[in-house]
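Following my numbering, the numbering of the sequence shown begins with 1 at its first residue and continues without gaps.
All C-beta atoms, glycine included, are put in the ideal place defined by N, C-alpha and C.
For reference, the structure discussed in these notes is given below.
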Amino acid sequence: MRKRKNAQVRHSLTLQYTGTILALVAGAVLLCWFLNTTFLEYYYTYNKQNAMLEGYSVINEESREGTLATSGFDVGFENICANGNIAILIISADGSIIRASVNDTRALKNQFMDAIFGDPSETSTELLEKTNSYVLEKQVDSRLNSEYLVLWGTLSDGNLILMRTALESIRESAWISNRFLAYAGMLAIVLSALISIAASRKIVRPILALTEISGRMTDLDFNAKYQGKGKNEIDLLGEHINQLSETLEQTISELKSANNELQIDIEKKNQIDEMRKEFLSNVSHELKTPLALIQGYAEGLQECIHDDEESRDFYCEVIMDEADKMNRMVKKLLTLNQLEFGNDMVVMERFDVTELIRGVIQSSSILLKQNGISLSFHTDLPMYVWADEFKVEEVMTNYLSNAIHHAKDPKRIDIKYTQMEDYVRISVFNTGEPIPAEDLDRVWIKFYKVDKARTREYGGSGIGLSIVKAIMDSFHRECGVVNHADGVEFWFELDTKSN
Numbered sequence: 001m002r003k004r005k006n007a008q009v010r011h012s013l014t015l016q017y018t019g020t021i022l023a024l025v026a027g028a029v030l031l032c033w034f035l036n037t038t039f040l041e042y043y044y045t046y047n048k049q050n051a052m053l054e055g056y057s058v059i060n061e062e063s064r065e066g067t068l069a070t071s072g073f074d075v076g077f078e079n080i081c082a083n084g085n086i087a088i089l090i091i092s093a094d095g096s097i098i099r100a101s102v103n104d105t106r107a108l109k110n111q112f113m114d115a116i117f118g119d120p121s122e123t124s125t126e127l128l129e130k131t132n133s134y135v136l137e138k139q140v141d142s143r144l145n146s147e148y149l150v151l152w153g154t155l156s157d158g159n160l161i162l163m164r165t166a167l168e169s170i171r172e173s174a175w176i177s178n179r180f181l182a183y184a185g186m187l188a189i190v191l192s193a194l195i196s197i198a199a200s201r202k203i204v205r206p207i208l209a210l211t212e213i214s215g216r217m218t219d220l221d222f223n224a225k226y227q228g229k230g231k232n233e234i235d236l237l238g239e240h241i242n243q244l245s246e247t248l249e250q251t252i253s254e255l256k257s258a259n260n261e262l263q264i265d266i267e268k269k270n271q272i273d274e275m276r277k278e279f280l281s282n283v284s285h286e287l288k289t290p291l292a293l294i295q296g297y298a299e300g301l302q303e304c305i306h307d308d309e310e311s312r313d314f315y316c317e318v319i320m321d322e323a324d325k326m327n328r329m330v331k332k333l334l335t336l337n338q339l340e341f342g343n344d345m346v347v348m349e350r351f352d353v354t355e356l357i358r359g360v361i362q363s364s365s366i367l368l369k370q371n372g373i374s375l376s377f378h379t380d381l382p383m384y385v386w387a388d389e390f391k392v393e394e395v396m397t398n399y400l401s402n403a404i405h406h407a408k409d410p411k412r413i414d415i416k417y418t419q420m421e422d423y424v425r426i427s428v429f430n431t432g433e434p435i436p437a438e439d440l441d442r443v444w445i446k447f448y449k450v451d452k453a454r455t456r457e458y459g460g461s462g463i464g465l466s467i468v469k470a471i472m473d474s475f476h477r478e479c480g481v482v483n484h485a486d487g488v489e490f491w492f493e494l495d496t497k498s499n
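Here it is as structure tokens:
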């Protein structure tokens, strides 16, 4: 973590931005200092040369027009001398002074004469330009250790002109300029550092916010949003990241939903595979016994083990009874298959369930008498419900048949209603042994039998309650089983209102 933080500090935009600005400012200051030191003197000398040549041209033009000595040229002459810091002396052919830039003309005249005709050992001369009218030279006075630009020559009117300007001041000016530039450069660097740090922080602050948001997005945290209110590129990037965050959140939500549905589909497929395997196993197990009996008794008839008519009739009855059980089991399997796969259409209608229950009781009256069971269903009031009447009859028949076969002393069955606001609960109770707690949720599984010996005794297939569960699921209503101290109660619910 510390290494990562140090790396972030080393690669900080603020440091990079500030370093770049400081490098540019320092480079600019150094470049200016180098140019100032190297080329300022030459540039100054060049400009002085141009000023002297321009001044000579103006004076020569005045001499050609004959206005050189007039008062109209006084201002122009003073401007040439003052602007170029040039000492000028114009002498006629007879040696008289026509114009001079200083009052002490004698000293200026002697200086010019010394510069032109002086001792070469005391004066070093560099020729810069020479024409038929003038000579431009750079002279160095070794005695005074001073350097001058000197122009001397003749004008159009034949007068002699002498012009001189000192170059020594340029060195002093360059030195002062460089020193000032150094101070100004240091101040510029400091100010640039402060300004660049402040500016970079203003720029980097929203970038850091976007970095934090993107980091949280990598952890699938989409609650953070960019709050910029400007319209620059960073704010637009923040808006796009907000949109990206919302899109990613929605996409991930859809992916999770799709993944959840896929998991459900996989689980359903696995359940179907398990159900198919279990179904094949149970069917083969259920059919094995009746098929073996049918085969055994059929072989007995074929081999005439018993020749008397009574034995043959018994064999035939066993074969017919087992075939009938197989036929009923196959029909129930077909019914259950249609219910589970939704191939059996549910017709919702309003009918009196009291009348339906009385009909089922009437159909089972013979079984009730044969088993010595007393049944109580004391109600004369109609109970109108919304459901598929034929499927409700199947449910009621399965419940009552189940109660008859499992009822034990005192062999009593009670059928009753429990009225709710929008539905009615119909329950069938029979006295007998409670269902083991671990089997309560399994009784609805097809072919599951709590007491296999008892079920086989009355010919049960273990499919009836599975059919009940499938029918109630098709109604989108509940069914269940409850243990009591003296017996078991099975129940189911039906809507009493249309909505």
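Can you name the start and end residues of the beta strand (DSSP E) that Val150 belongs to? 146-154
Starting from the C-beta of Thr105, find all residues in its chain whose C-beta is less than 8 Å away, skip the five residues before and the five after it, and write them out in chain order. Leu89, Ile97
On the DSSP bridge assignment, give the partners of Gln362 in chain order. Answer is none; Gln362 lacks a bridge partner.
Best match in Asn398, Ile207, Glu147 for proximity to Val443 [C-alpha to C-alpha]: Asn398
Can you tell me whether DSSP reads Leu68 as helix, strand or coil? coil
Helix, strand or coil for Glu493 per DSSP? strand
Pull up the distance between the alpha-carbon of Leu30 and that of Ala198, whole angstroms please. 24 Å
Spatial neighbours of Thr67 within its chain, please: C-beta separation below 7 Å, excluding the five flanking residues on both sides. Phe73
Going by CA-CA distance only, name the one from Leu35, Ile252, Ile207, Glu249 that's closest to Asn232. Ile207
Helix, strand or coil for Trp444, going by three-state DSSP, please let me know. coil
Member of Ile234, Val468, Val428, Thr45 whose CA lies at the smallest distance from the CA of Val482: Val428
In this structure, does DSSP put Gly185 in helix, strand or coil? helix
Quick check: the Cα distance between Asn260 and Gln227, rounded to an integer number of angstroms? 34 Å
Would Lys408 pass as a contact of Ile471 if the rule is Cβ separation under 8 Å? no
Could you check what DSSP says for Thr477 in three-state terms: helix, strand or coil? According to the sequence displayed, residue 477 carries Arg and not Thr. In the structure shown, Arg477 sits in coil (DSSP, three-state: anything other than H, G, I, E or B).
In whole angstroms, give me the CA-to-CA distance for Lys416 and Ile467. 22 Å
Nearest to Gly464 (by Cα), restricted to the options Glu299, His476, Glu393, Thr45: Glu393
Let me check understanding here. Comparing Cα to Cα, which of Asp441, Val385, Arg412 lies closest to Met420? Val385
Expressed to the nearest angstrom, what Euclidean distance is found between the alpha-carbon atoms of Glu212 and Phe39? 52 Å
Taking C-beta to C-beta, are Val353 and Asp388 nearer than 8 Å? no
Bridge partners - Thr38, DSSP secondary structure assignment: Bridge partners of Thr38: none, in fact.
Out of curiosity, what's the CA-to-CA distance linking Glu489 and Glu299? 44 Å
In or out: Asn159 buried (at least 16 other Cβ within 10 Å) or exposed? buried
Under three-state DSSP, which class holds Gly487? strand
Of the listed residues Leu440, Ile373, Ile86, nearest to Arg412 (C-alpha basis): Ile373
Please work out which residues of its chain come closer than 7 Å, Cβ to Cβ, to Pro410, disregarding the five sequence neighbours upstream and downstream, and give them in chain order. Thr431
Just to confirm, is the Cβ distance from Ser71 to Ala87 under 8 Å? no
Three-way DSSP call (helix, strand, coil) for Gln271 in this model: helix
Please report the distance separating the alpha-carbon of Ser376 from that of Asp414. 5 Å
I need the DSSP call for Ile426, collapsed to helix, strand or coil. strand
Local conformation of Lys231 per DSSP, three classes: coil
One question on the structure: do Asp422 and Asp495 come within less than 8 Å of each other, judged by their Cβ atoms? yes
Ordered along the chain, which non-local residues of its own chain (more than five positions away) have a Cβ less than 6 Å from that of Thr418? Arg425
Beta-carbon contacts of Glu355 that lie in its chain and below 6 Å, excluding the five residues immediately before and after: none
Glu126 versus Leu149 - alpha carbon distance: 10 Å
Taking 6 Å as the limit between beta carbons, can you name the residues of its chain near Lys469, skipping five residues before and five after? Trp444
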